[in-house]
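In the working numbering, the protein residues as written are 1 to 234. Backbone N, C-alpha and C fix where the C-beta goes; we use that ideal spot for every residue, glycine too. Given the structure is predicted, the values throughout are model-derived calculations rather than measurements.
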Ligand SMILES: [Ca+2]
Ligand SMILES: [Ca+2]
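This is how it looks when you write it as structure tokens:
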């Protein structure tokens, strides 16, 4: 009579397994660890199913109920959201206003820009990143930091089209630098460009916040609304 070792060895029906090792052997019950390439297994899809059969001494066990499966989730972690502003503008210039905000994952080179609707999506999040901070910026706007927790698989939406992440207009570039505050220095820049239109040499596109082609009291009011704030005020 041959000995019946309890060496239960799941056999997978596809050859995606790149390695098997014994991780535990207690009282004849052996635990194995299998390694798979999730990308290969899921073949570009968000999920894949791994079917396996349990054998012992090359015989199937539990013949009547022996076909098990594991669903593998390969959905890439993604962070998405919408950026908006807190002033009125004409629908004709919506794209100009909402697009082009840079959204960067702090401490990495991962970044993207908002589209015509202010929407952004960052899909190349490293698998082991569970939380991060987004830096949202654009010339003329006060940089905003947004902490994102629970980054993992699936989509983490930080804001929606109806309730976007609002950025405040008013942090002017001075010698190419924004100082992360909206204060008198910014107001002075606006004053220098005051009463100009897009054809004028003194006109500064980034300070024409509502993009109506002129820098006037409306732009001053937009800045004043956010006056005396810093990135930490959000
Ligand atoms: Ca400033
Ligand atoms: Ca304007």
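**Request:** For residue 122, count neighbouring Cβ atoms within 10 angstroms of its own Cβ and tell me buried if that reaches 16, exposed if not.
**Result:** buried
**Prompt:** Going straight from the alpha carbon of residue 111 to that of residue 96, what length do you get?
**Reply:** 19 Å
**Prompt:** Just the Cα atoms here: how many angstroms apart are residue 101 and residue 144?
**Reply:** 11 Å
**Uninterrupted alpha helix (DSSP H) stretches inside the segment 141-224 (no shorter than 4 residues)** = 184-192
**Prompt:** Buried or exposed: which applies to residue 138, given that a residue is buried once 16 or more other Cβ atoms fall within 10 Å of its Cβ?
**Reply:** buried
**Prompt:** Excluding sequence positions up to five away, which residues of its chain have a Cβ less than 7 Å from the Cβ of residue 81?
**Reply:** 120, 157, 158, 159, 165
**Message:** Which residue marks the beginning of the beta strand (DSSP E) containing residue 24, and which one marks its end?
**Reply:** 17-26
**Asked** If you draw a straight line from the C-alpha of residue 39 to the C-alpha of residue 78, how long is it?
**Response** 16 Å
**Asked** Does any heavy atom of ligand 2 sit closer than 8 Å to the C-beta of residue 235?
**Response** Outside the shown range of the chain (1 to 234) lies residue 235, about which nothing can therefore be said.
**Message:** What would DSSP say about residue 230, mapped onto helix, strand or coil?
**Reply:** strand
**Message:** residue 41 and residue 72 - do their beta-carbons sit closer together than 9 Å?
**Reply:** yes
**Message:** Mapping the DSSP letters down to three states, classify residue 39 as helix, strand or coil.
**Reply:** helix
**Request:** Return the bridge partner residues of residue 73 from the DSSP annotation.
**Result:** 47
**Request:** Quick one: give me the first and last residue of the beta strand (DSSP E) that residue 131 is part of.
**Result:** Residue 131 -> no beta strand (DSSP E), and no H or E assigned at all.
**For residue 107, the residue or residues it bridges with in DSSP** = Answer by DSSP bridge pairing: none, since residue 107 is not bridged.
**Item:** Beta-carbon spacing of residue 197, residue 222 below 9 Å
**Value:** no
**Message:** I want to check one thing, is the minimum distance from the CB of residue 115 to the heavy atoms of ligand 1 below 8 Å?
**Reply:** no
**Message:** Pop quiz: residue 141 and residue 167 are said to be a contact at Cβ under 8 Å. What is the actual Cβ separation, rounded to whole angstroms?
**Reply:** 4 Å
**Item:** Alpha-carbon to alpha-carbon, residue 128 and residue 33
**Value:** 20 Å
**Asked** From what residue to what residue does the alpha helix (DSSP H) around residue 94 run?
**Response** 94-98
**Request:** Indicate, with yes or no, if ligand 2 has a heavy atom lying under 8 Å from the CB of residue 97.
**Result:** no
**Request:** Grab me the residues of residue 35's own chain with a C-beta within less than 6 Å of its C-beta, minus the 5 sequence neighbours each way, in chain order.
**Result:** 18, 19
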